[in-house]
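Reading the sequence shown from the start, the letters are residues 49 to 121 in my numbering. Below is one structure, written out as structure tokens; comments come after it.
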Amino acid sequence: MESIEIRGESIRLGQLLKLHGVAEHGAMAKDMIADGEVVVNGEVETRRGATIRPGDTVEALGEVIEVATEPDS
Numbered sequence: 049m050e051s052i053e054i055r056g057e058s059i060r061l062g063q064l065l066k067l068h069g070v071a072e073h074g075a076m077a078k079d080m081i082a083d084g085e086v087v088v089n090g091e092v093e094t095r096r097g098a099t100i101r102p103g104d105t106v107e108a109l110g111e112v113i114e115v116a117t118e119p120d121s
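Here it is in structure tokens:
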């Protein structure tokens, strides 16, 4: 399981997939999500704009991503 740190309280699912590198661009993220290839906290998620928060787990293309809060600098 890999961890990714985000700023703020949340990130949109499509943005997270691009940030982590699972999706090369927004259209790829959109297609993966629409095709039911993305699982959030054990449930298939089909909304590209779904809100992802620290503590959530996202699975896509065989990768498991745990979302954490970026520490304050």
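Note that beta-carbon positions come from the ideal geometry of N, C-alpha and C, so glycine has one too. Just so we're clear, the structure is a prediction, and the values are computed from it rather than from any experiment.
Roughly how many whole angstroms lie between the Cα atoms of residue i and residue j?
{"i": "residue 84", "j": "residue 95", "result": "9 Å"}
{"i": "residue 88", "j": "residue 82", "result": "13 Å"}
Could you give the residue range of the alpha helix (DSSP H) that holds residue i?
{"i": "residue 71", "result": "Taken as a continuous stretch (DSSP letters only), residue 71 belongs to no alpha helix (DSSP H), as it is neither H nor E."}
Can you name the start and end residues of the beta strand (DSSP E) that residue i belongs to?
{"i": "residue 85", "result": "Run containing residue 85: none; DSSP gives neither H nor E here."}
{"i": "residue 51", "result": "50 to 54"}
{"i": "residue 57", "result": "Segment: none, residue 57 is in no beta strand (DSSP E) and carries neither H nor E."}
Quick one: using the 10 Å Cβ neighbour count with 16 as the cut-off for buried, is residue i buried or exposed?
{"i": "residue 74", "result": "exposed"}
{"i": "residue 80", "result": "buried"}
{"i": "residue 92", "result": "exposed"}
{"i": "residue 62", "result": "buried"}
{"i": "residue 112", "result": "exposed"}
Near residue i, which residues of its chain fall below 6 Å by C-beta distance, leaving aside the five closest residues on each side in sequence?
{"i": "residue 102", "result": "115, 116 and 117"}
{"i": "residue 98", "result": "61"}
Three-state secondary structure (DSSP) at residue i?
{"i": "residue 98", "result": "coil"}
Spatial neighbours of residue i within its chain, please: CB distance less than 8 Å, with the 5 preceding and 5 following residues excluded, ordered by chain position.
{"i": "residue 50", "result": "68, 111, 112, 113 and 114"}
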